[in-house]
């Protein structure tokens, strides 16, 4: 997934950062994916887009046959808590079954190609840890305590990635990030929704009293962290990525 919010920023970041890198972007283009997000690089000869679903075994297999991948960076996910409550099945399908499909084809590819430097980087969320209190931070060894279908599906995908590393020796890395904000974010998310509503003199909806504490991470800082983990991370390890900006929702609003 690369036409969504974080993926589109990451692709542009990497193409600028390292002129030796070529990117194949597989994206289903669901409601949150927008072709305009990457219009500036659509003609870049180091970038190719394929419309497809990570759950489609034939599509994923064909890509592994055609391309001698150095890495798979797995951004593709259904990622909105409210939507997961209204329709959890899509979240289980994409986040768990889709992850399984990518892991299995990565495993077969590494086994067949004998590629020693291959890496599978799974981009996840701090929502797998549950709710943060008024103080403190999630750590890499914080127990999992997901509370929504979304966070449960991401927790499940994290466990699958670890299992494929430990069972099949697939070279994996996991990042768990806090709340992102920045360019191309879909307007259902808190910060763009508040800005758009304020510009249009609409109400600013907020849960309860807005006392929930969130850590806010600028998306390009997140991209820098992901690229750093890809280059320097220790295989089999998990890395939490935060912005050190913990604040109540009401204060953000």
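In the numbering used here, the protein residues as written are 4 to 256. Glycine residues also receive a C-beta, built at the ideal position from the N, C-alpha and C atoms. Bear in mind that the values here come from a model prediction, so they are computed numbers and not experimental data.
message = So, at 6 Å on beta carbons, what are the nonlocal neighbours of residue 187 in its own chain, with the 5 sequence-adjacent residues on each side left out?
response = Taking the chain shown and counting its residues from 1, the one referred to as residue 187 is at position 184. Answer for residue 187: 8, 11, 40, listed in chain order.
task = Check whether the Cβ atoms of residue 134 and residue 150 lie closer than 9 Å to each other.
result = On the chain shown, position 131 is the one that residue 134 refers to. On the chain shown, position 147 is the one that residue 150 refers to. Their beta carbons are under 9 Å apart, which means residue 134 touches residue 150 by this criterion.
Where residue 64 falls: helix, strand or coil (DSSP) = Here residue 64 corresponds to residue number 61 of the chain shown, with the count starting at 1. Three-state DSSP puts residue 64 in a helix.
query = Is the closest heavy atom of the ligand GTP to the C-beta of residue 251 under 8 Å?
reply = Of ligands this structure carries none, so the ligand GTP is not represented either.
Residue from 238, 4, 235 whose Cα sits closest to the Cα of residue 56 = To locate residue 56, count along the chain shown from 1; it is residue 53. Answer by Cα proximity: 4.
inquiry  = Need the endpoints of the alpha helix (DSSP H) that residue 102 sits in, please.
reply    = Position 99 of the chain shown, counted from the first residue, corresponds to residue 102. 101–116 is the span of the alpha helix (DSSP H), which, as asked, contains residue 102.
inquiry  = So, at 6 Å on beta carbons, what are the nonlocal neighbours of residue 29 in its own chain, with the 5 sequence-adjacent residues on each side left out?
reply    = In the chain shown, counting from the first residue as 1, residue 29 sits at position 26. If we look at residue 29 and ignore the five residues flanking it on each side, its Cβ neighbours are 53, 55.
ask   = Can you tell me whether DSSP reads residue 125 as helix, strand or coil?
value = Translated into positions along the chain shown, residue 125 becomes position 122. Looking at residue 125 - three-state DSSP - the assignment turns out to be strand.
request  = Return the bridge partner residues of residue 27 from the DSSP annotation.
outcome  = Along the chain shown, one-based indexing puts residue 27 at 24. DSSP, once it has assigned bridges, lists 51 as partnering residue 27.
message = Please return the same chain residues whose Cβ sits closer than 6 Å to the Cβ of residue 143, not counting the five positions on each side in sequence.
response = Translated into positions along the chain shown, residue 143 becomes position 140. Around residue 143: 241, 243.
request  = Can you give me the start and stop residues for the beta strand (DSSP E) that residue 74 sits inside?
outcome  = By 1-based counting over the chain shown, the position of residue 74 is 71. Segment 74–77, the beta strand (DSSP E) holding residue 74.
inquiry  = Can you check which of these residues, 214, 252, 233, is closest to residue 194 by C-alpha distance?
reply    = Here residue 194 is taken as the residue at index 191 of the chain shown, counted from 1. Nearest C-alpha to residue 194: 252.
task = Report yes if the CB atom of residue 95 is closer than 9 Å to the CB atom of residue 156, and no otherwise.
result = Taking the chain shown and counting its residues from 1, the one referred to as residue 95 is at position 92. Taking the chain shown and counting its residues from 1, the one referred to as residue 156 is at position 153. For residue 95 and residue 156, yes; Cβs fall inside 9 Å.
request  = Could you spell out where the alpha helix (DSSP H) holding residue 182 opens and where it closes?
outcome  = Reading the chain shown from its first residue, position 179 is the one you call residue 182. Counting along the chain, residue 182 falls outside any alpha helix (DSSP H), though it belongs to the beta strand (DSSP E) covering 182–184.
query = Three-state secondary structure (DSSP) at residue 172?
reply = As a position in the chain shown, residue 172 is number 169, starting the count at 1. It is coil, neither helix nor strand.
task = Assign residue 187 to one of three DSSP states: helix, strand, or coil.
result = Position 184 of the chain shown, counting from 1, holds the residue named residue 187. DSSP places residue 187 in coil when its eight states are reduced to three.
request  = Tell me whether residue 249 sits in a helix, a strand or coil according to DSSP, three-state version.
outcome  = In the chain shown, counting from the first residue as 1, residue 249 sits at position 246. Residue 249: strand per DSSP, three-state reduction.
query = Less than 9 Å separating the beta-carbons of residue 179 and residue 114?
reply = Residue numbering aside, residue 179 sits at position 176 when the chain shown is read from its first letter. Residue numbering aside, residue 114 sits at position 111 when the chain shown is read from its first letter. Not in contact: residue 179 and residue 114 (Cβ atoms no closer than 9 Å).
Range of the contiguous beta strand (DSSP E) that encloses residue 32 = Counting from one through the chain shown, the residue named residue 32 turns up at place 29. First-last for residue 32: undefined, no H or E at that position.
CB of residue 107 within 9 Å of CB of residue 33, strictly = Mapped onto the chain shown, residue 107 falls at position 104. Mapped onto the chain shown, residue 33 falls at position 30. Going by C-beta atoms, residue 107 is not nearer than 9 Å to residue 33.
request  = Tell me whether residue 199 sits in a helix, a strand or coil according to DSSP, three-state version.
outcome  = The residue labelled residue 199 in the question sits at position 196 within the chain shown. Residue 199: helix per DSSP, three-state reduction.
Anticipated Cβ contact below 8 Å, residue 124 with residue 74, distance rounded = Position 121 of the chain shown, counting from 1, holds the residue named residue 124. Position 71 of the chain shown, counting from 1, holds the residue named residue 74. Yes, residue 124 and residue 74 are in contact; Cβ-Cβ is about 6 Å, under 8 Å.
task = Just confirm the distance between the C-beta atoms of residue 168 and residue 239, as a whole number of angstroms; I'd bet it's less than 8 Å.
result = Translated into the one-based positions of the chain shown, residue 168 becomes position 165. Translated into the one-based positions of the chain shown, residue 239 becomes position 236. Their Cβ separation, rounded to whole angstroms, is 5 Å, which keeps residue 168 and residue 239 in contact under 8 Å.
query = Any idea if residue 237 is buried or exposed, counting beta-carbon neighbours within 10 angstroms, 16 or more meaning buried?
reply = Along the chain shown, one-based indexing puts residue 237 at 234. Burial call: exposed.
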